[in-house]
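S.K.:
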Amino acid sequence: MNTLKRFFKRSILLIAVCVLFACKDKQPNLTSAEVKLNLIPQPNFVKTYIEKFVINENTVVYYPESNQELKKQADIVKEIVFEHTGLKLSLEGYFKIPEGGIILTKSKGNESFPTDESYQLEITSQNVLLSATTIKGLFYGIQTFRQLLPLENNNKTVEVTCLDIKDTPRLPYRGMMLDPARHFLPAQDIKKYIDAIAMYKFNTLHLHLSDDQGWRIEIKKYPKLMELATVRKETDADGIPHGGYYTQEELKDIVAYAKERFIEVIPELDVPGHSQAMLVAYPELTCFPDDFEVRTTPGVSKNLLCAGNEKVFEFYGNVYKELAPIFTAEKFHIGGDEAPLDHWKECPKCQKRIKDNNLESPQHLMSYFFERISDTLAKHGKTPQIWYELDVPFYPETSTMYTWRGGLTPKTIEKSREMGYKLICSPGEHAYFDYPQAKGEETCDWMAYLPLEQVYKLDPGYGLPEDQQAHIIGVEATIWGEYVKDIDRAFYMTFPRAMALVEAGWTQMDNRGWDDFKSRLKNNLQILERKGINYREPKELANDEFYLNN
1 MNTLKRFFKR SILLIAVCVL FACKDKQPNL TSAEVKLNLI PQPNFVKTYI
51 EKFVINENTV VYYPESNQEL KKQADIVKEI VFEHTGLKLS LEGYFKIPEG
101 GIILTKSKGN ESFPTDESYQ LEITSQNVLL SATTIKGLFY GIQTFRQLLP
151 LENNNKTVEV TCLDIKDTPR LPYRGMMLDP ARHFLPAQDI KKYIDAIAMY
201 KFNTLHLHLS DDQGWRIEIK KYPKLMELAT VRKETDADGI PHGGYYTQEE
251 LKDIVAYAKE RFIEVIPELD VPGHSQAMLV AYPELTCFPD DFEVRTTPGV
301 SKNLLCAGNE KVFEFYGNVY KELAPIFTAE KFHIGGDEAP LDHWKECPKC
351 QKRIKDNNLE SPQHLMSYFF ERISDTLAKH GKTPQIWYEL DVPFYPETST
401 MYTWRGGLTP KTIEKSREMG YKLICSPGEH AYFDYPQAKG EETCDWMAYL
451 PLEQVYKLDP GYGLPEDQQA HIIGVEATIW GEYVKDIDRA FYMTFPRAMA
501 LVEAGWTQMD NRGWDDFKSR LKNNLQILER KGINYREPKE LANDEFYLNN
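Residue numbers (UniProt numbering): 1 to 550.
#1: Ignoring anything shorter than 3 residues or poking outside the region 437 to 520, list the beta strand (DSSP E) runs there in chain order.
#2: With respect to the beta strand (DSSP E) encompassing Met-176, which residues constitute its N-terminal and C-terminal limits?
#3: To the nearest whole angstrom, what separates the beta carbons of Leu-91 and Val-128, a pair I think is in contact under 8 Å?
#4: When you compare the CB positions of Pro-496 and Leu-458, do they come within less than 8 Å of one another, or not?
#5: Taking the alpha-carbon positions, what's the Thr-328 to Leu-185 distance?
#6: How about the region 499 to 514 and the region 41 to 61: do they share at least three Cβ pairs that are nearer than 8 Å?
#7: With DSSP collapsed to three states, give me the class of Lys-47.
#8: If distances are taken between C-alpha atoms only, which option among Glu-338, Asp-211, Pro-410, Asp-179 comes closest to Val-280?
#9: Report the partner residues of Phe-332 according to the DSSP bridge assignment.
#10: Using only the alpha-carbon positions, how far apart do Tyr-535 and Leu-285 sit?
#11: Leaving aside the five residues before and after Ile-492 along the sequence, list all residues of the same chain whose C-beta is less than 8 Å from its C-beta, in chain order.
#12: In or out: Gly-532 buried (at least 16 other Cβ within 10 Å) or exposed?
#13: Measuring CB to CB, does Thr-398 end up less than 8 Å from Ser-367?
#14: Taking the straight line between their C-alpha atoms, what separation do you get for Gly-101 and Leu-528?
#15: Please state whether DSSP places Tyr-62 in a helix, a strand or coil.
#16: Report the rounded CA-to-CA distance for Leu-548 versus Cys-287, giving the unit in angstroms.
#17: Quick check on this structure: which residue in Glu-429, Gln-454, Ala-33, Cys-425 has the alpha carbon closest to the alpha carbon of Leu-171?
#18: For Ala-256, I'd like the list of residues in its chain whose CB is within less than 6 Å of its CB, leaving aside the five on either flank, ordered along the chain.
#19: Looking at chain B, is there any beta carbon in it that lies within less than 8 Å of the beta carbon of Asp-167?
#20: Taking the alpha-carbon of Arg-174 as reference, which of Thr-478, Pro-98, Leu-525, Ala-438 has the nearest alpha-carbon?
#21: If we call anything under 8 Å between Cβ atoms a contact, is Ile-413 one with Leu-341?
#22: Who are Arg-232's beta bridge partners in DSSP?
#23: Apart from the five residues on each side of it in sequence, which residues of its chain come closer than 8 Å, Cβ to Cβ, to Leu-138?
#24: Distance check for Cys-162 and Lys-26, CA to CA, integer angstroms please.
#25: I'd like to know if the region 332 to 350 and the region 257 to 272 are in contact, where contact means that at least 3 CB-CB pairs between them fall below 8 Å.
#26: Would Tyr-483 and Asp-434 qualify as a contact pair, given that the criterion is a beta-carbon distance under 8 Å?
#27: Using beta-carbon positions only, say whether Lys-191 and Ile-254 come within less than 8 Å of one another.
#28: Could you check whether Pro-272 and Phe-394 sit closer than 8 Å to each other, using their CB atoms as the reference points?
#29: Identify the continuous beta strand (DSSP E) that holds Glu-264 and give its terminal residues.
#30: One question on the structure: do Asn-154 and Gly-93 come within less than 8 Å of each other, judged by their Cβ atoms?
#31: Using 10 angstroms around the beta-carbon of Phe-82, count the other beta-carbons present and answer buried if the total reaches 16, otherwise exposed.
#32: Per the DSSP calculation, Thr-286 is bridged to which residue(s)?
#33: Go ahead and label Glu-427 buried or exposed: buried means 16 or more other beta carbons lie within 10 angstroms of its beta carbon, across all protein chains shown.
#34: Answer with buried or exposed for Leu-519, where buried requires no fewer than 16 other C-beta atoms within 10 angstroms of its C-beta.
#35: For Ile-197, which residues of its own chain have a beta-carbon under 6 Å away from its beta-carbon, when the five flanking residues on both sides are left out?
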């Protein structure tokens, strides 16, 4: 039933986009013309004109009088114009929409705004009119306007192409994942990353906050976590201790900062595997307690949380209780991947749990474990996000699953549809951004290389009929942190591949094309450079006619 509802909802969105394409020309005094725009992600309806709108120091950014939310967005427009052009514009409130200037307005809902992320941007020779039904939609329209501005300082005037854009995203979830568990990233660096991905209409930051190599969250009830689980003695035998964690106040600040940029922060605490760091502090929560140490190398540990130990569920109940008020998102990622069952097969407590609950196998014990964790999350208003493993018989009904294993996405799409789960596409062969971007770049033995074009080839629906992909709600790229040691490296691995990925989540397939994307790329890399954001120059496109003719 839920899949059917999502199918009808998505059909309505597609119809709305078609209506946008068919709508009458609202710019009767303008001359239609094909004008090259460098917009990423590509909007779903664009019409361009030969005329230009001129911005100079007399141009005013208007917002509805007494609307402080829109005034804040007007301030963003002012800052962007100055950043790109050096022009200092003024702000002014209005009671009646002005005839000139750059105008922000909040509209009533209609078919032109099918979601809360939809926006319209109309530019004539007289004015720029940006409208949406929500502040979020206006924010996304402003990011599009940013890319229309030339990067020219010291000019007294700049010109912007006249156009009509009506835009709405293909999918509601567009995420990036950072991994501070393997290499800690200070809070200030997380904020820089939020700023960068917000420019390209990402709306989710997934933080992988626990793993075998480190625990990164302050939990006041369990002080030994901060004392013992947050520092490892070295990394790959380099002899250099590595540690760090976020205080709860820092996390609140990160969440609030992201919210202002319309990004939802989803925390991940991986269970039942990838838990060795926390087991250093509380070894009694695994099947066979030992004198563990925080793992210093990549790989998968066999030391899982004990599914037969009630204290495990008590522990995570207390952890979720502290974190639920900090992370305002309804979603909470619980990991769930790469959990070898060797110890569960040997553990008396786990075997007793299997017998007492009439479970068929250790794999069914895994399903039981996730049901218990999900019930605990539900008490705090959260729903589970989980890495999909096809050998797990079933997951909680409220789960949102992530497809990630290379080559298995078609099977995962089919099974998640049959089981009624929502699905986010994060397939390794398209979305693992810790993979090197070209042959010959620094790598390790388990990594393939993932070039920009391969990222761009991702179709989240895998070409399936609409009713068979209606449960797919988004895309996400992951930057696993084993070899991403700081934010500068994270940016290098992110851009420009994130631009290719977000277009898969935002733009309808009929409006996408690799050659066209290449032609829009260089201008956006210049925007990153202007903002001091590291990226990888796509050397493989050095002689590409589409990239060069940007």
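The beta carbon of each residue, even a glycine, is placed where N, CA and C say it ideally should be.
M.R.: Taking the geometry as given:
#1: For the region 437 to 520, whole beta strand (DSSP E) runs of length 3 or above, ordered along the chain, are 472 to 479.
#2: Looking at the DSSP string, the run of the beta strand (DSSP E) that includes Met-176 is 173 to 178.
#3: Actually they do not touch by this definition, with Cβ atoms about 14 Å apart.
#4: Cβ atoms of Pro-496 and Leu-458: not closer than 8 Å.
#5: Taking the Cα positions, Thr-328 is about 21 Å away from Leu-185.
#6: Under the Cβ criterion (8 Å, minimum of three pairs), the region 499 to 514 counts as touching the region 41 to 61.
#7: In this structure, Lys-47 counts as strand in the three-state DSSP scheme.
#8: Residue Asp-211 is the option with its Cα nearest to Val-280.
#9: Looking at the DSSP output, Phe-332 bridges to Pro-384.
#10: Their backbone Cα atoms lie some 42 Å apart in a straight line.
#11: For clarity, residue 492 is Tyr in the given sequence; the question names Ile instead. Cβ neighbours of Tyr-492 within its own chain (closer than 8 Å, five residues either side excluded): Asn-534, Tyr-535, Arg-536.
#12: Answer is exposed; the Cβ neighbour count stays below 16.
#13: Taking 8 Å as the Cβ cut-off, Thr-398 and Ser-367 do not qualify as a contacting pair.
#14: A straight-line Cα-Cα distance of about 27 Å links Gly-101 and Leu-528.
#15: The answer is strand: DSSP assigns Tyr-62 an E or B state.
#16: Distance between the alpha carbons of Leu-548 and Cys-287 is about 59 Å.
#17: Cα-wise, what sits closest to Leu-171 is Cys-425.
#18: Within the same chain, Ala-256 has no close Cβ partners at all.
#19: The question asks about chain B, but that chain is absent: this structure has only one protein chain.
#20: Distance from the Cα of Arg-174 is smallest, within the candidate group Thr-478, Pro-98, Leu-525, Ala-438, for Thr-478.
#21: For Ile-413 and Leu-341, no; Cβs fall outside 8 Å.
#22: Beta-bridge pairing links Arg-232 to His-242.
#23: Leu-70, Gln-73, Leu-104, Lys-106, Tyr-119, Leu-130, Ser-131, Ala-132, listed in sequence order.
#24: For Lys-26, the predicted structure reports a pLDDT of 48, less than 50, and the residue's modelled location is therefore unreliable. A value from the coordinates is still provided. In a straight line, the C-alpha of Lys-26 is about 12 Å away from that of Cys-162.
#25: Yes, the region 332 to 350 touches the region 257 to 272.
#26: Yes, they are a contact pair.
#27: Cβ distance < 8 Å, so Lys-191 and Ile-254 count as in contact.
#28: No.
#29: Note, Glu-264: beta strand (DSSP E), 264 to 271.
#30: Not a contact, by the Cβ cut-off of 8 Å.
#31: Classification for Phe-82: exposed.
#32: Under the DSSP definition of a beta bridge, Thr-286 partners with Leu-305.
#33: Position check: residue 427 holds Pro in this sequence, whereas Glu was assumed. Burial call: buried.
#34: Residue identity check: residue 519 is Ser in the sequence provided, not Leu. The residue is buried, with at least 16 neighbouring Cβ atoms inside 10 Å.
#35: Taken in chain order, the residues that qualify are Met-176.
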